[in-house]
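Engineer: If you scroll down you'll find the structure; I have some questions about it.
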Amino acid sequence: MRVEALPAKPGKHHLHNYEEQSANFDWSEVEKEFSWAKTGKINMAHEAIDRHAESDRKNKVALYYKDQHRNETYTFYEMKRMTNRAANLLKSHSDLEKGDRIFIFMPRSPELYFLMFGALKMGLIVGPLFEAFMEGAIYDRLEDSNAKAIITTPELLPRIPKDRLPNLKTIFLVGEEGAEETDGHVDVLKHLNSCSDQFDVEWLEKEDGLVLHYTSGSTGKPKGVLHAQYAMVQQYQTGKWVLDFQEQDIYWCTADPGWVTGTAYGVFSPWLNGVTTVILGGRFSPDAWYQAIEDYGVTVWYSAPTAFRMLMGAGDALVKEYNLSTLRHVLSVGEPLNPEVVKWGAQVFDKRIHDTWWMTETGGQVICNYPSMAIKPGSMGKPIPGVQAAIVDDQGTELPANQMGNLAIKKGWPSMMRQIWNNPQKYDSYFLNDEWYVSGDSAYMDEDGYFWFQGRVDDVIMTSGERVGPFEVESKLLEHPAVAEAGVIGKPDPVRGEIIKAFVALVEGYEPSDELIEEIRQFVKKELAAHAAPREIEFKDKLPKTRSGKIMRRVLKAWELDLPTGDLSTMED
Ligand code: PRX
């Protein structure tokens with residue numbers, strides 16, 4: 004469905020003339036913003052927190068935090084003190100050193116952010132983990148990255164298989180009830196407030212590590228995508244161009260810090276820009292969300308298509324019960340943003356929803372809609388100045404307008420991933436001719452330079468905005484005693500974008516039943532993560548495989564969608 008273009012928004016914007024600014028842009032201008040320009044050294048926590056605490060922004064609110072039990076406010080000055088305490092705590096209770104990996108596995112809370120930035124102050128590489136992960140998922144990530152420490156809660160502690168992770172020396176526990184301090188366990192709340200609020204940050208090189216986000220591809224285990232400190236250059240600048248930050252903004256990004264949006268744009272980008280940030284704990288609820296916009300007077304709101312579709316489903320009458328008039332700028336990321344949703348946003352919020360496209364690997368926004376540019380609903384927009392995107396064929400040749408191909412980015416943008424942890428070969432495999440990063444998305448660019456998402460080239464599933472690798476789910480399914488073969492696909496869903504559907508062939512002696520479906524589903528949920536458990540399971544006598552034994556997901560998808568199965572020449576008899 005093509006919906007009429009929505010005209011540019013009048014007003015003063017950082018990116019006011021896309022063509023002109025793109026033609027003349029140089030990243031070295033942005034580098035001058037940071038201490039690196041003066042001292043040659045850098046630290047994300049200094050740039051995002053301390054330098055504001057030492058400026059006119061000292062008493063400006065950095066963080067509004069709210070969940071069912073807590074409602075707290077921290078200025079930049081207070082954030083500096085609390086993150087210093089956290090850094091001292093981490094340092095004095097472990098032998099962690101610069102470059103070591105520390106994971107954070109807990110629900111949102113102010114302590115999560117104190118500890119995250121405390122760890123960054125020490126020069127550690129932070130690995131965020133979504134709180135829904137279960138033992139198997141935790142193990143794979145900690146083991147692969149050789150993590151030395153993890154920050155978690157007493158409730159989540161049982162999911163950490165410490166006996167199988169010999170290098171995991173320290174477990175920091177954040178819980179009101181306190182924790183027994185044996186076996187390398189440290190009770191965070193017991194010590195935090197008695198730690199000194201003075202700390203000398205570890206000054207780093209711009210190429211030193213920052214965050215390690217594990218993400219799924221279509222094959223193999225999740226991969227550790229490492230970003231460098233230098234990512235801040237792009238995260239800062241897109242805060243201006245894309246999020247359109249102004250000094251007085253109240254910004255709310257709804258993403259969990261377990262995913263890249265929740266780090267890069269949940270805290271890094273706004274705080275690098277000295278912008279007040281709202282963080283809401285707890286689960287999605289239309290009432291609580293609208294209430295938060297009203298209570299805090301949110302001006303810039305960054306969310307995801309599934310959330311917008313759920314809000315749409317909650318009805319327009321609900322919107323009218325809240326005062327959402329402070330909203331100035333609304334954005335979306337993570338999945339295709341349907342033109343219908345853009346239209347709905349324009350109707351009920353009187354705001355255009357600005358789609359943005361990027362990935363864990365890109366470390367920052369890449370293709371976006373800007374306030375000063377007309378939106379073509381359904382299009383992801385245009386590349387940010389200073390970064391070149393194109394549609395290329397499988398050989399790396401750029402394709403002309405309106406031709407579908409691989410969405411690719413010219414190698415070398417500032418927030419580009421710097422490593423796949425422990426796997427240089429895999430890292431290299433993302434780049435074509437050492438020139439183009441190939442995203443795995445297919446798209447085309449129209450005659451005006453707008454990019455249009457078409458789908459994934461591979462089998463990666465996007466469900467409710469979360470990226471799930473079919474291989475990880477299939478591997479888990481195979482661990483269930485009843486499962487002989489498993490193939491997993493994304494099945495289109497009007498609200499969630501896609502849902503996970505598994506095709507399963509049973510081991511001899513097991514009979515299909517609703518109970519077995521439920522048992523298998525629970526098994527994946529308990530071992531891997533709730534969001535990775537198949538919503539649908541269908542039993543088959545046999546699954547389509549290549550002669551080399553690979554499950555042919557494309558055939559499963561064709562079955563599911565009643566499409567032609569295409570070339571079956573590689574299928575076993
Ligand atoms: O398929 C694209 C989809 O999300 C993938 C990246 O997922 P992840 O690394 O988890 O990062 C999500 C948020 C940064 C992409 O390869 N995707 C992301 N944004 C969009 C999108 N698909 C369509 N439209 C978007 N705006």
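One rule links them: number in the numbering used here = place in the sequence shown (from 1) + 3. Backbone N, C-alpha and C fix where the C-beta goes; we use that ideal spot for every residue, glycine too.
1) Less than 7 Å between the beta carbons of residue 131 and residue 261, yes or no?
2) Just curious, the beta strand (DSSP E) that residue 136 is in, first and last residue?
3) Can you tell me whether residue 4 is helix, strand or coil according to DSSP?
4) How is the alpha helix (DSSP H) around residue 1 delimited, first residue to last?
5) If residue 267 sits next to residue 366, beta carbons under 8 Å apart, how far is it from one beta carbon to the other, in whole angstroms?
6) In or out: residue 240 buried (at least 16 other Cβ within 10 Å) or exposed?
7) So for residue 459, helix, strand or coil by DSSP?
8) Quick one: any contact between the stretch 244-261 and the stretch 14-32, if contact means 3 or more CB pairs under 8 Å?
9) Helix, strand or coil for residue 188? Go by DSSP, reduced to three states.
10) Consult DSSP for residue 10 and reduce its assignment to one of helix, strand or coil.
11) What ranges does the alpha helix (DSSP H) occupy inside the stretch 414-469, keeping only unbroken runs of at least 4 residues that lie completely in it?
12) Would you mind working out which of 359, 343, 134, 52 sits nearest residue 304, comparing C-alpha positions?
13) Can you confirm whether the stretch 188-203 touches the stretch 378-396 when touching is taken to mean that 3 or more C-beta pairs between the two stretches lie within less than 8 Å?
14) What does residue 299 pair with, by DSSP beta-bridge criteria?
15) Here's a check: name, in chain order, each residue in its chain whose Cβ is nearer than 8 Å to the Cβ of residue 39, leaving out the five neighbours to either side.
16) Per DSSP, what kind of secondary structure is residue 293 in: helix, strand or coil?
17) Would you mind giving the Cβ-Cβ distance between residue 338 and residue 465, rounded to the nearest angstrom? I have them listed as a contact below 8 Å.
18) Residue 217 and residue 225 - do their beta-carbons sit closer together than 7 Å?
19) Identify every run of the alpha helix (DSSP H) within the stretch 40-107, keeping only runs that are complete inside it and at least 4 residues long; order them along the chain.
20) Tell me whether residue 339 counts as near the ligand PRX, meaning its Cβ is closer than 6 Å to at least one heavy atom of that ligand.
21) Would you be able to state if there are at least three C-beta pairs under 8 Å between the stretch 70-86 and the stretch 176-194?
22) Can you tell me whether residue 550 is buried or exposed, with buried defined as 16 or more other CB within 10 angstroms of its CB?
23) Using 8 Å as the threshold, is the stretch 404-418 in touch with the stretch 445-458, meaning 3 or more CB pairs across them?
24) State the Cα-Cα distance for the pair residue 546 and residue 378, rounded to the nearest angstrom.
25) I'd like to know if the stretch 290-302 and the stretch 318-335 are in contact, where contact means that at least 3 CB-CB pairs between them fall below 8 Å.
26) Label residue 483 either buried or exposed according to how many other C-beta atoms from any shown protein chain fall within 10 Å of its C-beta, with 16 as the threshold for buried.
27) Under the assumption that residue 154 contacts residue 195 (Cβ atoms under 8 Å), give the Cβ distance between them as a whole number of angstroms.
28) Check this for me: beta carbons of residue 363 and residue 306, under 7 Å apart or not?
29) Going by the C-beta, is residue 444 closer than 6 Å to any heavy atom of the ligand PRX?
30) Compute the beta-carbon to beta-carbon distance between residue 79 and residue 48, rounded to the nearest angstrom, for a pair I have assumed lies under 8 Å.
31) Within the continuous beta strand (DSSP E) that includes residue 506, where are the two ends?
32) Between which two residues does the alpha helix (DSSP H) carrying residue 21 extend?
33) Less than 6 Å between the CB of residue 499 and some heavy atom of the ligand PRX, yes or no?
34) Classify residue 485 as helix, strand or coil using the three-state DSSP reduction.
35) Give me the Cα-Cα distance between residue 37 and residue 103, rounded to the nearest whole angstrom.
Structural biologist: Reading off the structure:
1) The answer is yes: Cβ separation under 7 Å.
2) Premise fails: residue 136 is in no beta strand (DSSP E) and is neither H nor E.
3) Residue placement at residue 4 cannot be trusted, given a pLDDT of 49 that sits under 50; what the coordinates show is reported in the next sentence. DSSP places residue 4 in coil when its eight states are reduced to three.
4) With the chain covering 4 to 576 only, the question about residue 1 has no answer from this structure.
5) About 6 Å separates the Cβ atoms of residue 267 and residue 366, confirming a contact at the 8 Å cut-off.
6) Buried, since its Cβ has 16 or more Cβ neighbours within 10 Å.
7) Three-state DSSP puts residue 459 in a strand.
8) Short answer: they touch.
9) Reduced to three states, the DSSP call for residue 188 is strand.
10) Coil, per DSSP.
11) Secondary structure remark: continuous alpha helix (DSSP H) runs of at least 4 residues inside the stretch 414-469, in chain order: 427-432.
12) It is 359.
13) Cβ pair count under 8 Å is below three, so no.
14) Note: residue 299 sits in no beta bridge, so no partner.
15) Take residue 39, set aside five residues on each side of it, and the residues of its chain with a beta-carbon closer than 8 Å to its own are 45, 209, in chain order.
16) Three-state result, residue 293: helix.
17) Residue 338 to residue 465, Cβ: 5 Å. Contact.
18) A distance below 7 Å separates the beta carbons of residue 225 and residue 217.
19) As far as the stretch 40-107 is concerned, its whole alpha helix (DSSP H) runs of at least 4 residues are 79-95.
20) Correct: residue 339 has its Cβ closer than 6 Å to the ligand PRX.
21) Look at the beta carbons and you see the stretch 176-194 not touching the stretch 70-86: under three pairs across the two are nearer than 8 Å.
22) Classification for residue 550: exposed.
23) In the pairwise beta carbon analysis, the stretch 404-418 is classified as touching the stretch 445-458: at least three pairs are separated by under 8 Å.
24) So the alpha carbons of these two residues sit roughly 44 Å apart.
25) Yes: at least three Cβ pairs fall under 8 Å.
26) It counts as buried.
27) No, residue 154 and residue 195 are not in contact; Cβ-Cβ is about 12 Å, not under 8 Å.
28) Taking 7 Å as the Cβ cut-off, residue 363 and residue 306 do not qualify as a contacting pair.
29) Indeed, a heavy atom of the ligand PRX lies less than 6 Å from the Cβ.
30) About 12 Å separates the two Cβ atoms, so there is no contact after all.
31) Residue 506 -> beta strand (DSSP E) spans 500-509.
32) Its alpha helix (DSSP H) spans residues 21-27.
33) Residue 499 has its Cβ no nearer than 6 Å to any heavy atom of the ligand PRX.
34) Reduced to three states, the DSSP call for residue 485 is coil.
35) The alpha-carbon atoms of residue 37 and residue 103 are separated by roughly 24 Å.
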